[in-house]
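Notes for the one structure printed next.
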Ligand SMILES: Cc1cc2nc3c(=O)[nH]c(=O)nc-3n(C[C@H](O)[C@H](O)[C@H](O)COP(=O)(O)OP(=O)(O)OC[C@H]3O[C@@H](n4cnc5c(N)ncnc54)[C@H](O)[C@@H]3O)c2cc1C
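In this note's numbering, the protein residues as written are -7 to 451.
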């Protein structure tokens, strides 16, 4: 849905990063110790971007990076999770271009579930029996699963450098690629199963020394902290307690349906992904997860956030959530019911959708802390863009830090904020519009239905 409404959105472009000049002055970051809190998509992309963009002539002054991650490696990379859209978004740019800049595009594409074009795709999931490969389509369906709108993946490609395709990928598969590439970098230390509980500005006047406090009471001194610890950022809560998350007014239940063979996945859900617009106030989203599984997600508006049961769910909770999904999704007919009936209970999730707008940094107050990804600007899954923003944050921030033309650390971060803030504000706005469309009833439903009909003429 995001892809469609992007057609209506204000365009904002991503600079062509490959040719950006690297200035000679990187002294404000050279030889510094940077602690990255969180080995998620933002944190790992930051370390990879720094290595990729660091000027060769300053290789002896490459900053030292320590990444601290709360979860164990097995938990973070092994947990199945959900699938993500990693996007190209034309000239505006997306995570795909960052992966390409990092030299990881092909590696990631090889483990993707769906690639938005047939080129060079060898993912089992989309190989047809005649040996040809078919792209997955982003579709908006009506309640009878008839396409209201189908997006031609070719139109969403970026051809400025080379042909790149958007994809859907399991969150943990993307993270594994990023973690493996990060582990191979020199001067990067990974600390798994260690939690950041606080940070302190230990500025002495002689230098900008920061202190990271870990859950075992130990401290790590560093020059710069990259807070990439996700939407519920502990570092944001500690230093900016009034910058919390906002409840978006939507609750979602989701799960992965598993089948013995791909043929059992209700058609066309083994290939295509997107939203069913039933105009009943209940949003339904579906997407393949692997050759024998498909994700379903059902959402509805609620005035207050819902109490979320603790994981692992009891059998009674599982039965009642599935029954609730069957009832709320009844308008989507037997296809949706088949997905719900075949849900792997361990993948069942219920969550309140929260977000928050991006913020500018206050170095005077907080010292050298930079919040990136969801820690700065969480967006709900209805944006389909949080991971893309996390990767773009990292690449663009490093680009500004190593450019050396801004005359110092703070000015480099300000330059990054000037591109990061409008980009994420626009995505936040899009996600609210997506929620509005997905849960529309009455005259609003008619209004959006008419717009989609018009858009369908042009796609
Ligand atoms: C159901 C769902 C569907 C989504 N679909 C899409 C999509 O289609 N496309 C898209 O682009 N995005 C999507 N997103 C959003 C995307 O997953 C997030 O925006 C993205 O993961 C943000 O990356 P991050 O690195 O900023 O945060 P995270 O991925 O949350 O990473 C934060 C890391 O910090 C660690 N951490 C947390 N606290 C601490 C601490 N105190 N100390 C140390 N480590 C800590 C965490 O364990 C984690 O590894 C979706 C999200 C959900 C929930």
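Glycine included, every Cβ here is placed at the ideal spot set by N, Cα and C.
Scanning its chain for C-beta atoms nearer than 8 Å, with the 5 sequence neighbours on each side dropped, one finds around residue 371 the residues 347, 377, 378, 381, 416, 419, 420 and 423, in chain order. The count of Cβ pairs closer than 8 Å, one atom from the region 54 to 62 and one from the region 33 to 44, reaches three, so the stretches are in contact. If one requires a minimum length of 4 residues, the alpha helix (DSSP H) runs lying completely within the region 153 to 208 are 163 to 175, in chain order.
Residue 353: not part of any beta strand (DSSP E); DSSP gives it neither H nor E. Contact between residue 169 and residue 103 holds: their C-beta atoms lie close to 7 Å from each other, under 8 Å. Note that the C-beta distance between residue 218 and residue 430 is not below 9 Å.
Boundaries cannot be given for residue 79, as no alpha helix (DSSP H) includes it and DSSP labels it neither H nor E. Between residue 275 and residue 287, the C-beta gap is not smaller than 9 Å, which leaves the two residues out of contact. In the displayed model, residue 433 falls within coil according to three-state DSSP, outside both helix and strand. Secondary structure of residue 319 (DSSP, three-state): helix. With contacts defined as CB atoms closer than 9 Å, residue 336 and residue 250 qualify as a contacting pair. With distances taken between CA atoms, residue 105 lies nearest to 265 out of 425, 265 and 256. Within the chosen limit of 8 Å, ligand 1 does not reach the beta carbon of residue 47 with any heavy atom. The Cβ atoms of residue 223 and residue 366 sit closer than 9 Å to each other. Collapsing the DSSP output to three states places residue 74 in coil. By the C-beta density criterion, residue 308 is exposed, having fewer than 16 other C-beta atoms within 10 angstroms. Residue pairing by DSSP places residue 384 opposite no residue, since no beta bridge is assigned to it. Residue 364 counts as buried, since no fewer than 16 other beta carbons sit within 10 angstroms of its beta carbon. With a cut-off of 8 Å, the C-beta of residue 75 is classified as near ligand 1, since at least one heavy atom of the ligand falls inside that distance.
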